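Note sheet for the following structure.
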Ligand SMILES: Cc1ncc(COP(=O)(O)O)c(C=O)c1O
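Numbering (the numbering used here), first residue to last: 32 to 441.
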């Protein structure tokens, strides 16, 4: 079991929260807080010489280049990949655009099918929709069960030999359900499709094994797993990455070129990384992975699962709360208060020192499936406490439309 009181000492912002200077943070699916070790790693880069990598013939550059390369190897080990299969991008969104533009656009033919879900994030669906319109491929949706749950049988029925790409989030950012990703990969491959997984909400919370699951692509963001912002990761099977062209060209990714435009790119993954990368963010991510591994991903999952169960248990005793994903096994709790717009509830919670998110959470197609345009989302992290969960339940116990309006217009 995690020692949350001790863990909270590792996060400067949580020390402030515990002193009452800051509110309770339940928007961890948007981005997480950072431990001191991550902040120190970023600061050390800036205070001890913010030099470039792989360009300078001096000791500091050698040292930072080595640390940068070691970070790539650490990310690879964390998800059970090879370092050559790890591309650093600016975020999960950039990773998914790279799959869409660098892979899908090159391979998809008219009438090929991209199979996806209505619960997907805009950062997945929008790049896919553009690819479909450029290539003449079609998007088909795996029917979701009422309430937005995934159904393996529906997936099996939706697969056919025109499906060339299956694109799904391992964990939905609205409903928090976990997809059976290894089984889905096996089935996708049985019809000759490639599976690309949005891991933005899964990699920070669950053990990840791209090799064991045999998935083809995985996108995720550093800032949702205790690391710095401005950094994403794209994992791709080496053979697929080798056949892809980079979207960006420039310094760092080319081996040589001449005045006629003859260009020889570097190998995978370097051909995808043009320009100076977010060096300090990569070093910070390395510290974030150390921190996560120090706690253990199983322990993290269990802690978040227990907090979620407590929140669901408490909220389900309140008749005026509608819960959308009580049975989801991850730390995302999505709900509404009957008769009060989600945004007003979020303002009211904020006025009571609790930070949550309201709206459609960038999953704009899902609203038709769960039959509500907006919800309130409380997303938990292992550093949240049972007392914080109880406080949310207490505040919601007495919420009224009048109180929300008073806060909103104040
Ligand atoms: C499921 C999912 N995919 C993709 C993204 C995009 O991540 P980023 O904004 O870090 O690029 C998010 C962010 O909330 C997400 O929840």
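Every residue, glycine too, gets a C-beta built ideally from N, C-alpha and C. Note that the structure is predicted; figures quoted are calculated from it, not measured.
Check: Helix, strand or coil: how does DSSP classify residue 386 here?; Outcome: strand
Check: For residue 186, does the count of other Cβ atoms within 10 angstroms reach 16, so buried, or fall short, so exposed?; Outcome: buried
Check: One question on the structure: do residue 411 and residue 345 come within less than 9 angstroms of each other, judged by their Cβ atoms?; Outcome: no
Check: Under the assumption that residue 63 contacts residue 257 (Cβ atoms under 8 angstroms), give the Cβ distance between them as a whole number of angstroms.; Outcome: 5 angstroms
Check: Measuring only from the beta carbon, is residue 328 closer than 8 angstroms to any heavy atom that is part of ligand 1?; Outcome: no
Check: Please go through the same chain and pick out, in chain order, the residues whose beta-carbon is closer than 6 angstroms to the beta-carbon of residue 287, but skip the five residues on each side of it.; Outcome: 295
Check: Using DSSP with H/G/I as helix, E/B as strand and the rest coil, what is residue 425?; Outcome: helix
Check: Should residue 81 be labelled buried (16 or more other beta-carbon atoms within 10 Å of its own) or exposed?; Outcome: exposed
Check: With 16 as the cutoff for other CB atoms within 10 Å, does residue 356 come out buried or exposed?; Outcome: buried
Check: Do residue 324 and residue 413 come within 9 angstroms of each other at the CB atom, strictly closer than that value?; Outcome: no
Check: Measuring only the C-alpha atoms, how far is residue 40 from residue 49?; Outcome: 9 angstroms
Check: Taking the alpha carbon of residue 303 as the reference point, which residue from 36, 78 and 126 has its own alpha carbon closest?; Outcome: 126
Check: Opposite residue 172 in the DSSP bridges: which residues?; Outcome: 147
Check: Hey, how far is the Cα of residue 209 from the Cα of residue 263?; Outcome: 21 angstroms
Check: I need the residues with a C-beta less than 5 angstroms from some heavy atom of ligand 1; please give them in chain order.; Outcome: 122, 123, 124, 152, 154, 200, 204, 229, 231, 232 and 252
Check: Can you tell me where the beta strand (DSSP E) with residue 118 in it begins and where it stops?; Outcome: 117 to 120
Check: What is the rounded straight-line gap between the Cα of residue 309 and the Cα of residue 90?; Outcome: 20 angstroms
Check: Just to confirm before moving on: does the CB-CB distance between residue 391 and residue 406 stay below 9 angstroms?; Outcome: yes
Check: Taking just the CA atoms, how far does residue 339 sit from residue 32?; Outcome: 15 angstroms
Check: Taking the runs of the beta strand (DSSP E) that are 3 residues or longer, which of them lie wholly in the segment 260 to 348?; Outcome: 263 to 267, 285 to 288 and 294 to 296
Check: What did DSSP end up calling residue 406 once you bin it into helix, strand or coil?; Outcome: strand
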